[in-house]
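**Student:** Under my numbering, think of the first position of the sequence shown as 75, with each following residue one higher. Idealized CB from N, CA, C, for every residue including glycine.
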Amino acid sequence: MKKIVLFFISLSFTLSSFGQDTLALDTTWVRGGFASFQFNQTTFTNWAAGGENSYSLNALAFVFANYHFEKNYWNSYVHMNYGLISSQYDKSIRKNTDFIELQTKAGHEIGKKFYYTGLLNFRSQFANGYVYPNDSVVVSKFLAPGYLTASIGVEWKPVDYFAIYVSPTTGRLTFVMDQEIADQVTNGASLWGTEPAVYDSNGVLITHGKNINAEFGAYLSATFLKEVVKNVSVASKVQLFNNYTDKNKANRKNVDVLWDLLVNMKINSWLSAYLSANLIYDNDIVIQDLNDDGVPTGTAGPRTQFKESFGLGLTFNFGDPVPK
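Structure below.
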């Protein structure tokens with residue numbers, strides 16, 4: 075975990091230096107982003123209403139590079155977020171946020187505001203993940219899972235800051251490159267949608283779970299990146315995917331949903347607040363239902379997953395501002 079925090083610190087200084095370079099004006103490129111660090115502390119002393127001392131640290135970086143010349147464009151971005159938390163009664167340091175996404179997209183104009191477009195997207199996480207309070211079984215790590223999406227389609231881009239992309243020919247790979255994670259099952263299903271491991275009635279492993287799940291289907295995304303008011307920038311993306319090739323034909327009507335939101339609110343040259351939200355619905359991911367005590371109820375299935383975080387801290391802005 076220390077290596078991850080050091081990575082974000084090094085990245086912020088590197089990007090800050092990049093933003094201060096005096097380069098010749100190149101109107102074909104728009105490059106920029108920000109790195110942010112938030113530290114939160116809550117302390118109670120003889121507090122009658124009760125409470126628990128806690129500390130948290132979060133590092134976030136968003137970098138984009140957009141190229142547009144005549145009828146061609148190439149847009150890329152990297153979005154990373156990692157957070158740790160520790161409380162008074164649980165001395166361990168736990169991660170509470172972990173996210174990596176890289177995307178590159180290139181297109182050629184075929185009509186007014188319409189482009190033939192190719193897209194490549196990768197998502198994963200940095201470090202080991204657990205379903206607390208059980209910290210003995212790893213349920214996620216780098217490339218377990220990892221998602222790679224590749225597609226060719228048509229994009230409508232009416233303005234620089236907004237685009238809708240549609241592809242009837244999209245391939246999506248789910249990687250679970252740790253065999254112990256690939257072998258975990260919940261109600262007969264694997265954790266991350268790959269073909270599950272097979273166990274006998276005594277719980278003895280017969281067949282290992284598959285490490286890769288390949289899907290082919292239709293994909294739609296809508297992206298928005300803009301300074302909506304002075305010093306408030308919004309980056310939002312909705313992705314929808316329908317798998318034509320699901321072995322269970324009844325599932326071919328299902329649509330996977332992925333929504334990411336990042337709002338950066340600049341207070342002054344070094345201080346800002348941010349809001350981050352993520353929503354996932356994936357029919358291949360089985361979630362165990364828990365009671366109020368955190369004990370599994372015995373039921374499980376696809377569920378809508380939602381995560382939100384808000385922070386205030388140091389921010390390093392660099393490069394070009396986002397489109398206004």
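Can you tell me where the beta strand (DSSP E) holding Ile255 begins and where it ends?
**Tutor:** Segment Gln253 to Ala256 is the alpha helix (DSSP H) holding Ile255; no beta strand (DSSP E) there.
**Student:** Provide the residue(s) that pair with Ser214 in DSSP beta bridges, ordered along the chain.
**Tutor:** Bridge pairing for Ser214: Gly203 [DSSP].
**Student:** Work out the CA separation of Leu336 and Tyr348 for me, nearest whole Å.
**Tutor:** 7 Å
**Student:** Can you tell which of Asn338, Lys165 and Phe200 has its C-alpha closest to the C-alpha of Phe173?
**Tutor:** Phe200
**Student:** For the beta strand (DSSP E) that Glu382 lies in, which residues bound it at each end?
**Tutor:** First-last of the beta strand (DSSP E) with Glu382: Gln379 to Gly393.
**Student:** Run through DSSP, which three-state label would Ala271 get?
**Tutor:** coil
**Student:** Whole beta strand (DSSP E) runs in the stretch 304-342 with 3 or more residues, listed along the chain?
**Tutor:** 306-317 and 330-340
**Student:** Is it buried or exposed, Ser166, if we count other Cβ atoms within 10 angstroms and call 16 or more buried?
**Tutor:** exposed
**Student:** Could you tell me how far apart the beta carbons of Gln162 and Ser128 are, in whole angstroms, since I believe they sit closer than 8 Å?
**Tutor:** 7 Å
**Student:** For Val137, count neighbouring Cβ atoms within 10 angstroms of its own Cβ and tell me buried if that reaches 16, exposed if not.
**Tutor:** When all chains shown are included, Val137 counts as buried.
**Student:** Look up Thr110 in the DSSP assignment and give the residues it is bridged to.
**Tutor:** Thr is not the amino acid found at residue 110; the sequence shown has Ser there. Paired residue(s): Leu134 and Thr389.
**Student:** I need the DSSP call for Trp230, collapsed to helix, strand or coil.
**Tutor:** Strand.
**Student:** Is Trp344 helix, strand or coil when you go by DSSP?
**Tutor:** In the displayed model, Trp344 falls within coil according to three-state DSSP, outside both helix and strand.
**Student:** Indicate the three-state DSSP secondary structure (helix, strand or coil) for Ser166 in the structure shown.
**Tutor:** coil
**Student:** In this structure, does DSSP put Glu126 in helix, strand or coil?
**Tutor:** coil
**Student:** Count the other CB atoms within 10 Å of the CB of Tyr318; is the residue buried (16 or more) or exposed (fewer)?
**Tutor:** exposed
**Student:** In angstroms with no decimal places, state the Cα-to-Cα distance between Trp401 and Gln115.
**Tutor:** Nothing can be reported for residue 401: it is not among the residues displayed for the chain, which extend from 75 to 398.
**Student:** Helix, strand or coil for Leu294? Go by DSSP, reduced to three states.
**Tutor:** strand
**Student:** By Cβ distance, which residues of its chain are closer than 7 Å to Thr171, with the 5 residues on each side in sequence left out?
**Tutor:** Contacts found: Asn132, Asn155, Tyr156, Gly157 and Ser383.
**Student:** Give me the residue from Ala109, Tyr141 and Glu126 with the minimum Cα distance to Trp103.
**Tutor:** Looking at the Cα atoms, Tyr141 is the closest of the given residues.
**Student:** I need the DSSP call for Trp103, collapsed to helix, strand or coil.
**Tutor:** Assigned with DSSP and collapsed to three states, Trp103 falls in strand.
**Student:** Could you please give the first and the last residue of the uninterrupted beta strand (DSSP E) stretch that includes Leu56?
**Tutor:** The structure shown has nothing for residue 56, since the chain only spans 75 to 398.
**Student:** Whole angstroms is fine: what's the gap from Val302's alpha carbon to Ala237's?
**Tutor:** 16 Å
**Student:** Across which residues does DSSP place Gly157 in a beta bridge pair?
**Tutor:** In DSSP, Gly157 forms a bridge with Asn132 and Thr171.
**Student:** Should Pro219 go down as buried or exposed, given a rule of 16 or more other Cβ atoms within 10 Å for buried?
**Tutor:** buried
**Student:** Using only the alpha-carbon positions, how far apart do Leu194 and Leu247 sit?
**Tutor:** 11 Å
**Student:** Can you give me the Cβ contacts of Ile286 inside the same chain, cut-off strictly under 8 Å, excluding the 5 residues immediately before and after it?
**Tutor:** Leu247, Thr248, Phe249, Val250 and Thr268
**Student:** Could you pull out every residue in the same chain whose Cβ sits closer than 6 Å to the Cβ of Asn391, ignoring the five residues on either side in sequence?
**Tutor:** Phe108
**Student:** For Trp253, which residues in the same chain have their Cβ closer than 8 Å to its Cβ, ignoring the five residues on either side in sequence?
**Tutor:** First, the residue type needs correcting, since residue 253 is Gln and not Trp in the sequence shown. The answer, listed in chain order, is His282, Gly283 and Asn285.
**Student:** Quick one: what's got a C-beta closer than 8 Å to Thr96's C-beta in the same chain, skipping five residues either side?
**Tutor:** Because the pLDDT of Thr96 is 40, which lies under 50, any placement of that residue in the model is unreliable, and the number read from its coordinates should be weighed accordingly. If you ignore the 5 residues before and after Thr96, its C-beta comes within less than 8 Å of no other C-beta in its own chain.
**Student:** Check the C-beta distance from Val228 over to Thr191 and give it rounded, since I have them as a contact under 8 Å.
**Tutor:** 7 Å
**Student:** Return yes when the C-beta of Asn365 is under 7 Å from any heavy atom of the ligand MG, and no when it is not.
**Tutor:** The ligand MG is absent from the structure shown, which contains no ligands of any kind.
**Student:** According to DSSP, simplified to helix, strand and coil, what is Glu183?
**Tutor:** strand
**Student:** Alpha carbon to alpha carbon, how far is Val278 from Ala135? Give it in angstroms, no decimals.
**Tutor:** 44 Å
**Student:** Does the beta-carbon distance from Thr401 to Ser346 come in below 8 Å?
**Tutor:** In this structure the chain extends from 75 to 398, so residue 401 is not present and cannot be described.
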